[in-house]
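S.K.: I am attaching a structure below and will ask some questions about it afterwards.
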Amino acid sequence: MEQRHRALIVGGANGIGLAIAVLMASDDSTEVVHIVDKADVPAAYLLPKMQVHRFDVTSPDYSFFDRFADIDTLMITAGFGSLALFVDTPEDLITSSFAVNTIPALRLIHRFYSRLLSSEPFRCGVMVSIAGYMSSPFFSVYAATKAALRIFIESINVELEQAGTTNRVLNVSPGNINGTSFDGAETVVSTVEPLAREVISHLDARDDLFIPQYDEVYRTVLERAHADFRAEGRHSYEYKLERLKHSNK
């Protein structure tokens, strides 16, 4: 009998993490989905294969994760951000942004790194952001937290390759995702589900990078940023300024 997946989703109580958890918990190939978050999973989305654990990823003690030694899937989706000029960003938001968006991913991957180095398949992914690939005014701190993740993942994937394993850390770098609670709204799993399904497909393939809508949108954006990052930064500034104006109406 084929071994079924045992998944750990950190930050799985809402957004893309919840959508991935719902799909995995609905799949016959999954035995259990552990969801770790400081928030509760909405009752409407709870499924029998889910086990929900309360934990704050800013905690200094990660021995909590020792109980998940038998997982074969690690998906890290914890993170937050908000549109604001750097001048309007409180200093404590700088530290909390890195404490939630960046450091937990490094700590968790370090704890499960022996599984990645193994010859046995180990699915591992991190929600990064297209903001980590270019200058992002109004998102400077958030973009910095994601740029750090991007470079970390690219670096250790080379180390994994050179170690001879086929396991990789998947960098998922979308733009804006409709249906998530990123901006404080409620998660609508049915809206996020198509993207979640694509993420799982790339996890299964043990890919190292997935940029949703790359051919349709982000190939051109990234080419513009590479050609002239200053001009693309100004373009991004104007785009986000309009987005803020509309959101404040």
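All you need for our numbering is the position in the sequence shown, starting with 1, plus 945.
Even for Gly, the Cβ is constructed at its ideal location relative to N, Cα and C.
Model, not experiment: these values are computed from the prediction.
(1) Is the beta carbon of residue 1023 closer than 7 Å to that of residue 898?
(2) Excluding the 5 residues preceding and the 5 following residue 1120 in the sequence, name in chain order all residues of the same chain whose CB lies nearer than 6 Å to its CB.
(3) Measure the CB-CB distance between residue 959 and residue 1136 and report whether it falls below 7 Å.
(4) Measure the alpha-carbon distance for residue 1098 versus residue 1091 and round it to whole angstroms.
(5) May I have the straight-line CA-CA distance separating residue 1082 from residue 952, to the nearest angstrom?
(6) Since residue 1138 contacts residue 992 with CB under 8 Å, what's their CB separation in whole angstroms?
(7) Based on Cα-Cα distance, which residue from 1066, 1172, 966 and 1080 lies nearest to residue 1144?
(8) Quick one: any contact between the region 1047-1064 and the region 1014-1021, if contact means 3 or more CB pairs under 8 Å?
(9) Excluding the 5 residues preceding and the 5 following residue 1042 in the sequence, name in chain order all residues of the same chain whose CB lies nearer than 6 Å to its CB.
(10) In its own chain, which residues sit with a C-beta less than 8 Å from the C-beta of residue 962, not counting the 5 before and 5 after it?
(11) Near residue 946, which residues of its chain fall below 6 Å by C-beta distance, leaving aside the five closest residues on each side in sequence?
M.R.: Working from what's here:
(1) Because the chain spans 946 through 1194 in this model, residue 898 falls outside it and cannot be assessed.
(2) Counting from 1 along the sequence shown, the entry for residue 1120 is found at position 175. So the list reads 1075, once near-sequence residues are dropped.
(3) Counted from its first residue, the sequence shown places residue 959 at position 14. Counted from its first residue, the sequence shown places residue 1136 at position 191. In this structure, residue 1136 does not lie closer than 7 Å to residue 959 by Cβ.
(4) On the sequence shown, residue 1098 is found 153 positions in, with the first residue counted as 1. On the sequence shown, residue 1091 is found 146 positions in, with the first residue counted as 1. Roughly 11 Å between the two C-alpha positions.
(5) On the sequence shown, position 137 is the one that residue 1082 refers to. On the sequence shown, position 7 is the one that residue 952 refers to. Going by the C-alpha atoms only, they are around 36 Å apart.
(6) As a first step, residue 1138 is located in the sequence shown; it is residue number 193 there, counting from the start. As a first step, residue 992 is located in the sequence shown; it is residue number 47 there, counting from the start. In fact, because the Cβ distance is near 14 Å, the residues do not count as touching under 8 Å.
(7) Along the sequence shown, read from residue 1 onward, the residue named residue 1144 stands at position 199. Taking only the C-alpha atoms, the option nearest residue 1144 is 966.
(8) yes
(9) As a working mapping, residue 1042 is identified with position 97 in the sequence shown. 1086 and 1090.
(10) Numbered from its first residue, the sequence shown carries residue 962 at position 17. If we look at residue 962 and ignore the five residues flanking it on each side, its Cβ neighbours are 954, 955, 956, 980, 982, 1020, 1022, 1023 and 1072.
(11) Working through the sequence shown from its first residue, we reach residue 946 at position 1. Caution applies to residue 946, whose pLDDT of 45 falls short of 50 and renders its modelled position unreliable; the model cannot decide the point.
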